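Novice: Please find one structure pasted underneath; my questions will follow.
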């Protein structure tokens, strides 16, 4: 159970939650995203209590949980086209640029997602983050199933997002190598910042 948490996160900053398993990292992210309701207290986005008005948060939010939220029978391109059509209207050229940036081979773009490796699926989900034009990313174990090269690409994506003024809260077993000036590591819930 998490109690007496209080923190703020300015634009261009990341907060890495590195607490041990079972201490509420995922629950906190789900509360911040508006998927769960805190028993006490409030969560504010841009000065507005999200319990009263969620639309501003939902416009600005991109959430990536343990699951990739990709449809297994659709290809990567079909998944990203669908996600972008509902959210931002990114063109195929933008989608393909992000897939190349994440080093997903073109041969994988047209295959059903269920036929791809877990690492390729995670990279496709990360491409969706970049395409959605969100200002807040909530990431639950975003490096899961990524090899060292994929983890480096993830750290670069987050670093670029922070430089563009985005904010990131991520739960992770080990902190990602992000610039110290733009990233705080919170290793215990009792260390509220």
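In our numbering, the protein residues as written are 5 to 197. Note that beta-carbon positions come from the ideal geometry of N, C-alpha and C, so glycine has one too. Because the structure is a prediction, the values reported are computed rather than measured.
Drop a sphere of 10 angstroms on the beta-carbon of residue 103, count the other beta-carbons inside from all chains shown, and report buried for 16 or more, exposed for fewer.
Specialist: buried
Novice: Could you give the DSSP three-state label for residue 140: helix, strand or coil?
Specialist: strand
Novice: Determine the burial state of residue 11: buried for a count of at least 16 other Cβ atoms within 10 Å of its Cβ, exposed for fewer.
Specialist: exposed
Novice: Do residue 171 and residue 60 have their C-beta atoms within less than 9 Å of each other?
Specialist: Contact: no.
Novice: Cβ of residue 166 within 9 Å of Cβ of residue 187?
Specialist: yes
Novice: When burial is assigned at 16 or more other CB atoms within 10 Å of the CB, is residue 86 buried or exposed?
Specialist: exposed
Novice: Quick check: the Cα distance between residue 116 and residue 8, rounded to an integer number of angstroms?
Specialist: 45 Å
Novice: Rounding to the nearest angstrom, what Cα-Cα distance links residue 164 and residue 136 in this structure?
Specialist: 14 Å
Novice: Give, in chain order, every unbroken run of the beta strand (DSSP E) that is at least 3 residues long and sits entirely within the segment 9 to 90.
Specialist: 18 to 21 and 65 to 68
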